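Asker: Handing you this structure, nothing more for now.
In our numbering, the protein residues as written are 13 to 106.
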(Lines of atoms letter the chains of each structure in order from A; the text may use other names.)
(Lines give C-alpha, C1' and ligand atoms only; values in the text may rest on other atoms or scores of the structure.)
Protein backbone atom coordinates (compact mmCIF):
# COMPACT_ATOMS: atom_id res chain seq x y z
CA UNK A 13 0.00 0.00 0.00
CA UNK A 14 2.81 2.45 0.84
CA UNK A 15 4.50 1.71 -2.50
CA UNK A 16 1.28 2.61 -4.32
CA UNK A 17 0.90 5.85 -2.37
CA UNK A 18 4.54 6.76 -2.92
CA UNK A 19 4.16 6.37 -6.69
CA UNK A 20 0.99 8.47 -6.74
CA UNK A 21 2.62 11.21 -4.65
CA UNK A 22 5.66 11.28 -6.93
CA UNK A 23 3.44 11.60 -10.02
CA UNK A 24 1.46 14.41 -8.39
CA UNK A 25 4.66 16.21 -7.38
CA UNK A 26 6.12 15.97 -10.89
CA UNK A 27 2.85 17.13 -12.41
CA UNK A 28 2.52 20.15 -10.12
CA UNK A 29 6.07 21.35 -9.46
CA UNK A 30 8.33 20.33 -12.33
CA UNK A 31 8.36 22.11 -15.67
CA UNK A 32 9.46 21.32 -19.16
CA UNK A 33 12.22 23.66 -20.34
CA UNK A 34 11.31 23.05 -24.00
CA UNK A 35 7.94 24.73 -23.45
CA UNK A 36 9.30 27.83 -21.74
CA UNK A 37 9.59 30.84 -24.02
CA UNK A 38 12.35 32.51 -22.04
CA UNK A 39 14.93 30.10 -23.47
CA UNK A 40 15.88 30.21 -27.12
CA UNK A 41 16.45 27.07 -29.14
CA UNK A 42 19.73 25.98 -30.65
CA UNK A 43 20.14 26.46 -34.39
CA UNK A 44 20.20 22.69 -34.90
CA UNK A 45 16.78 22.28 -33.33
CA UNK A 46 15.41 25.20 -35.34
CA UNK A 47 16.75 23.70 -38.58
CA UNK A 48 15.32 20.28 -37.72
CA UNK A 49 11.87 21.69 -37.02
CA UNK A 50 11.88 23.83 -40.15
CA UNK A 51 12.92 20.83 -42.25
CA UNK A 52 10.17 18.75 -40.65
CA UNK A 53 7.65 21.50 -41.44
CA UNK A 54 8.76 21.55 -45.09
CA UNK A 55 8.40 17.79 -45.49
CA UNK A 56 5.06 17.43 -43.70
CA UNK A 57 3.50 20.77 -44.72
CA UNK A 58 2.81 21.63 -41.07
CA UNK A 59 1.87 25.04 -39.76
CA UNK A 60 4.48 26.45 -37.43
CA UNK A 61 4.77 29.27 -34.94
CA UNK A 62 8.00 31.22 -35.35
CA UNK A 63 9.03 33.58 -32.55
CA UNK A 64 11.64 36.12 -33.59
CA UNK A 65 14.42 37.73 -31.53
CA UNK A 66 12.48 40.99 -31.20
CA UNK A 67 9.46 39.25 -29.63
CA UNK A 68 7.22 39.26 -32.70
CA UNK A 69 5.81 36.02 -34.03
CA UNK A 70 4.22 34.59 -37.17
CA UNK A 71 2.17 31.51 -37.94
CA UNK A 72 2.52 29.95 -41.36
CA UNK A 73 4.03 27.26 -43.55
CA UNK A 74 7.50 26.82 -44.96
CA UNK A 75 7.09 26.05 -48.69
CA UNK A 76 10.80 25.99 -49.58
CA UNK A 77 14.36 26.54 -48.49
CA UNK A 78 16.43 29.19 -50.24
CA UNK A 79 19.85 28.50 -48.73
CA UNK A 80 21.34 26.90 -45.63
CA UNK A 81 20.04 29.53 -43.23
CA UNK A 82 17.18 31.14 -45.18
CA UNK A 83 13.64 29.95 -45.67
CA UNK A 84 10.45 31.23 -47.28
CA UNK A 85 7.55 31.65 -44.84
CA UNK A 86 4.00 31.80 -46.18
CA UNK A 87 1.58 33.33 -43.68
CA UNK A 88 -1.57 31.59 -42.51
CA UNK A 89 -3.72 33.43 -45.08
CA UNK A 90 -1.41 32.19 -47.88
CA UNK A 91 -1.12 35.75 -49.21
CA UNK A 92 2.21 37.07 -47.91
CA UNK A 93 5.59 35.46 -48.50
CA UNK A 94 8.49 36.42 -46.26
CA UNK A 95 12.15 35.43 -46.29
CA UNK A 96 13.24 34.31 -42.84
CA UNK A 97 16.86 34.11 -41.72
CA UNK A 98 17.71 31.50 -39.11
CA UNK A 99 19.72 34.04 -37.08
CA UNK A 100 16.55 36.12 -36.57
CA UNK A 101 14.57 33.19 -35.12
CA UNK A 102 14.27 32.80 -31.35
CA UNK A 103 12.29 29.53 -31.39
CA UNK A 104 10.06 27.36 -33.61
CA UNK A 105 7.01 25.46 -32.39
CA UNK A 106 5.09 22.93 -34.46
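Just so you know, even glycine gets a beta-carbon here, dropped at the ideal spot from N, CA and C.
Given the structure is predicted, the values throughout are model-derived calculations rather than measurements.
Which residue wins for smallest C-alpha separation from residue 71, given the options 18, 92, 22, 98?
Answerer: In the chain shown, residue 71 corresponds to position 59, counting from 1. Checking every option, the nearest Cα to that of residue 71 belongs to 92.
Asker: Check the DSSP bridge columns for residue 94 and list the partner residues they point to.
Answerer: For this step, residue 94 is matched to residue 82 along the chain shown. 85, per the DSSP bridge assignment.
Asker: I believe residue 84 touches residue 98 by the beta-carbon criterion, under 8 Å. Please report the beta-carbon distance rounded to the nearest angstrom.
Answerer: To locate residue 84, count along the chain shown from 1; it is residue 72. To locate residue 98, count along the chain shown from 1; it is residue 86. The Cβ separation is near 13 Å, so there is no contact.
Asker: Tell me the DSSP bridge mates of residue 57?
Answerer: Against the chain shown, residue 57 aligns to sequence position 45. The partner list for residue 57 (beta bridge, DSSP) is empty, contrary to what the question assumes.
Asker: Mind checking residue 46: buried by the 16 CB within 10 Å criterion, or exposed?
Answerer: Against the chain shown, residue 46 aligns to sequence position 34. Looking at its Cβ environment, which holds 16 or more other Cβ atoms inside 10 Å, residue 46 is buried.
Asker: Since residue 101 is in the beta strand (DSSP E), which residue starts that stretch and which ends it?
Answerer: If you number the chain shown from 1, residue 101 lands on position 89. 101 to 105 is the extent of the beta strand (DSSP E) around residue 101.
Asker: Tell me the residue span of the beta strand (DSSP E) that contains residue 73.
Answerer: Working through the chain shown from its first residue, we reach residue 73 at position 61. From DSSP, the beta strand (DSSP E) with residue 73 extends over 69 to 77.
Asker: Could you check if residue 95 is buried or exposed, using at least 16 other CB atoms within 10 Å of its CB as the buried criterion?
Answerer: One-based indexing of the chain shown puts residue 95 at position 83. Exposed, since its Cβ has fewer than 16 Cβ neighbours within 10 Å.
Asker: Quick check on residue 62: does DSSP put it in helix, strand or coil?
Answerer: For the purposes of this step, residue 62 is taken as the residue at position 50 of the chain shown. Correct three-state label for residue 62: strand.
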